[in-house]
Each structure stands twice: as C-alpha cells, then as structure tokens.
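J.: Position one of the sequence shown corresponds to residue 755 (our numbering), numbered consecutively onward.
First the structure, then my questions, so here it is.
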Amino acid sequence: MRLHLNENTAGCSPAVLETLLRLGRSDAGFYPDYDKAQQAVANLFGVPVDHLVLTNGMDEGILAAAAAACRDHSRSVPEALGVTPPFDEYEICTTAVGGSMVTVQLDDEFELSADDILAAVTPRTRVVFVTNPHNPSGRSVPLETLRGLAKDVAPALFFVDEAYADFSGETLIDPATLAALPNLVVGRTFSKAYGLAGLRVGALVALPATLAPLRRVVPPYSVNAWAAAALPAAIEDRAYRDWYLEQAAASRTLLTEACTRLGLKTWPSAANFILARVDSAAAVVEGMAARGVRIRDRSADPGCGQCIRITAGLVEDTRRAIAALEEVVCAAR
Ligand SMILES: Cc1ncc(COP(=O)(O)O)c(C=O)c1O
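Pasting the structure below:
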C-alpha cells in the first residue's frame, strides 16, 4: 500500500480511463491540443483561460516560477524564500536555476508567522513559496494572512502552492484576489484529489501579465496528449472527486483518532495526510513496510524529529494501515 506520497489511493476516475482507452494513433502522432483541457480548468477555477497555464505536474510550475523569478543575476544572486520543514522542490528548482534558497523555521505547531517571513525578505528576494495546506504538517494558513503577505512581499513573486487545497476546500483563486494581487501565482495539481499523478498535470493561475514570464519557461507541449484528454474527464466527474474527498476526510479522522489512542502527537491536518510523532520513525517505517504499508519518514526535516507522514486515502486502506501501525507501535513498547 502506497501511503508515502499523498496520492489518490483509489486511482483516477473510471471515466478518465474510458477516455484514455478511446484515444488512438493520431492522438499519439500529433501534438496535443489544449483548448478543451484549458477550458475545463478555467471553468473549474472560475477564471478566464488566459489566467492559467497547464504544466507537467505542479513540479514544472514550481520550476517555471523559480526560473522566471531568478533569471536576473546581474546585481546579486537572486533569493527564494520559504519555510522549513519545506516541500523540497522549492529549493531544488531555485538552486537549479542559480538562485539561493532562504528558509524560515516554523514553530513547534507548524504555524506560519507572517512576521518571520517578512523579517527574512531582502532586496534579493525574488519569490516567496508558501504551501497551503502545508506539507508535511497539513496545517492550513488563513487566507487573509496569505493575502496580507502577498502585498507585503511585493514586488517579489508570491507563489502559493495549493497542492492539497481540494482537501481543505480553501483557495486563493478568485477573480477579486487575483486582480488585487499582481504578484500572486497559485499552483495547483491534479495528482492528488483527481488521481492523475501518473499522467503529470498541474496548473499555474495568475493575472495574464504575471503569468507571462512563467509561460515562457514552460515548453509549448509539456503536457502530453493523454494528460490533456484526461483532464476534462476528471474534472467533469465531480461525483468521483467528491466521493474521494469524503474518503480522505474520514481517513484523516480515523488516523488522528488511532494516533491519539496510541499516545502519538499529531497536528490538525487539512490535507490528505497526517504527520505523527513516534518513538523511532525509522523503526515504525520499517515495521510498516514489513507489513506491506509504505509511509514516509520525515524525521530528517527540521522540526519533524521522529515524525512519520501517512496518506489519508481510501477508508479501507486506512483501516489496514491503522491495524499495522497499532501492531508496530505496541510491539516496540
Ligand atoms: C506541496 C506539494 N507541491 C507540489 C507537489 C507536486 O505535485 P505534482 O504531482 O503536480 O508535480 C506535491 C507533491 O507531492 C506537493 O506535496
């Protein structure tokens, strides 16, 4: 059982698979057309089509933001700013384009402090990355805090990574917010709630002028024809997505309750995973793996000492994972 990468453990909607099976030789032979996929995403987010760019997973969107923001090296090494524990791609992408990553440590409860972020902004700061809900803790940041931060860090780009926003139900994507914040870019993925991680598709959403330099970084056909065909089918099957969101929410509650019973510290998560502190993360990860359950050891992350992260997916999977966790934790005591 793959509970280590926060994927949709049920897979994609059956409607997506039917769509893919209908594709033929010309779909493979010709460059993809994005009209239908872009329109479906624009409708989903309630923005005009020119407010978004499709990307090869949000990972490519993060790379595009880092590259666009850090391309001017003429005066100094450009900086990206984020929090720690982080989603690693911010630093990987920033350093790949010759920038330097600066991080601010979150407190013990993984609550984001706008003041701490602002104190770390320098004239070299070109982009600020914030994940909402945060990975790996699942904590969510109030949208008002983010709107305020976006204003205060300008002219730096303010990149809000909403990989898990389907699960929290909260987003900065609304026409008024985008219009008021020209430095805001929101990153989204269809890897999580929509179960398209293997197809690789995400989106960046911002005002057209804000997106323009990022658009230039994304290659013209970076989303392949299968992903482009899958996207409208996945978005149209709202019932499947809503069913999966319910499964994930129920699993999150079950996992949290199980950890509480076992005396393990957890944090309130708005995402499709929970973080828990155990006695020995390495031993628990190994014990779970021996029982066929892969979970993630986050203990190397600053502030995550002896923490494990477990995906909250299908309830059926969660019950099996909990049984394994109980065995492993109790056997070690
Ligand atoms: C916070 C965060 N951002 C972005 C991504 C990448 O998403 P994608 O699969 O669309 O590249 C992930 C994947 O785990 C993530 O956790």
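The C-beta atom is built at its ideal place from N, Cα and C for all residues, glycine as well.
It should be emphasised that the depicted structure is a prediction, and the values quoted were computed from it without experimental measurement.
1) Leaving out five residues on either side along the sequence, give the residues of the same chain with a beta carbon under 8 Å from the beta carbon of G902.
2) Just mark W1021 as buried or exposed, buried being the case when its beta carbon has 16 or more other beta carbons within 10 Å.
3) For P974, count neighbouring C-beta atoms within 10 Å of its own C-beta (all shown protein chains included) and say buried if the count is 16 or more, exposed if not.
4) For ligand 1, is there any heavy atom lying closer than 8 Å to the beta carbon of T943?
5) At 3 residues or longer, and completely inside the stretch 988–1038: list those beta strand (DSSP E) runs for me, N to C.
6) Taking 7 Å as the limit between beta carbons, can you name the residues of its chain near D1033, skipping five residues before and five after?
7) Could you check how far apart the C-beta atoms of R1031 and L1018 are, in whole angstroms? I think they sit under 8 Å.
8) Let me make sure I understand the geometry here. Which of P802, M755, V807 has the alpha-carbon closest to that of V955?
9) Can you tell me whether DSSP reads D826 as helix, strand or coil?
10) Using 10 angstroms around the beta-carbon of N731, count the other beta-carbons present and answer buried if the total reaches 16, otherwise exposed.
11) Report buried or exposed for Q859, applying the criterion of at least 16 other Cβ atoms within 10 angstroms of its Cβ.
12) At what residues does the alpha helix (DSSP H) containing V856 begin and finish?
13) If we ignore side chains and look at the alpha-carbon of each, how far apart do T1010 and R829 end up?
14) Say yes only if the C-beta of T885 is nearer than 8 Å to one or more non-hydrogen atoms of ligand 1, and no if none qualify.
15) Can you give the Cα-Cα distance for A794 and L897, rounded to whole angstroms?
16) Could you tell me which residues DSSP pairs with E833 in its beta bridges?
17) Check whether the stretch 940–956 and the stretch 808–816 are in contact - that is, three or more C-beta pairs closer than 8 Å.
18) Is E843 near ligand 1 - that is, is its Cβ less than 8 Å away from at least one heavy atom of it?
T.: Based on what the coordinates show:
1) Start at 1 with the first residue of the sequence shown, and residue 902 comes out as number 148. Correct list, in chain order: A868.
2) Taking the first residue of the sequence shown as 1, we reach residue 1021 at position 267. W1021 comes out buried.
3) Mapped onto the sequence shown, residue 974 falls at position 220. Residue environment: P974 is assigned as exposed (fewer than 16 neighbouring CB atoms within 10 Å of its CB, all protein chains considered).
4) Position 189 of the sequence shown, counted from the start, is the residue given in the question as residue 943. Correct: T943 has its Cβ closer than 8 Å to ligand 1.
5) Fully enclosed beta strand (DSSP E) runs of 3 or longer: 1027–1031.
6) Reading the sequence shown from its first residue, position 279 is the one you call residue 1033. Cβ neighbours of D1033 beyond the five flanking positions: Q1060, A1086.
7) Stepping through the sequence shown from its first residue, residue 1031 is reached at position 277. Stepping through the sequence shown from its first residue, residue 1018 is reached at position 264. Your pair R1031 and L1018 checks out as a contact, with CB atoms roughly 6 Å apart and the cut at 8 Å.
8) As a working note, residue 955 is residue 201 in the sequence shown. Of P802, M755, V807, the residue nearest in Cα terms is V807.
9) By 1-based counting over the sequence shown, the position of residue 826 is 72. Here D826 carries a coil assignment [DSSP, helix/strand/coil].
10) The structure shown does not extend to residue 731, since the chain is modelled only from 755 to 1087, so the question has no answer here.
11) Counted from its first residue, the sequence shown places residue 859 at position 105. Answer is exposed; the Cβ neighbour count stays below 16.
12) The residue labelled residue 856 in the question sits at position 102 within the sequence shown. Residue range 854–859 is occupied by the beta strand (DSSP E) that includes V856, with no alpha helix (DSSP H) assigned at that position.
13) The residue given as residue 1010 occupies position 256 in the sequence shown. The residue given as residue 829 occupies position 75 in the sequence shown. Straight-line Cα distance between these residues: approximately 49 Å.
14) Here residue 885 corresponds to residue number 131 of the sequence shown, with the count starting at 1. Yes, the Cβ of T885 comes within 8 Å of a heavy atom of ligand 1.
15) As a first step, residue 794 must be located in the sequence shown, where it is residue number 40. As a first step, residue 897 must be located in the sequence shown, where it is residue number 143. Here the alpha carbon of A794 sits roughly 25 Å from the alpha carbon of L897.
16) As a first step, residue 833 must be located in the sequence shown, where it is residue number 79. Answer is S854, T879.
17) Contact between the stretch 940–956 and the stretch 808–816 is present, because at least three Cβ pairs lie under 8 Å.
18) Counted from its first residue, the sequence shown places residue 843 at position 89. Yes; taking the cut-off as 8 Å, the Cβ of E843 has a heavy atom of ligand 1 nearer than that.
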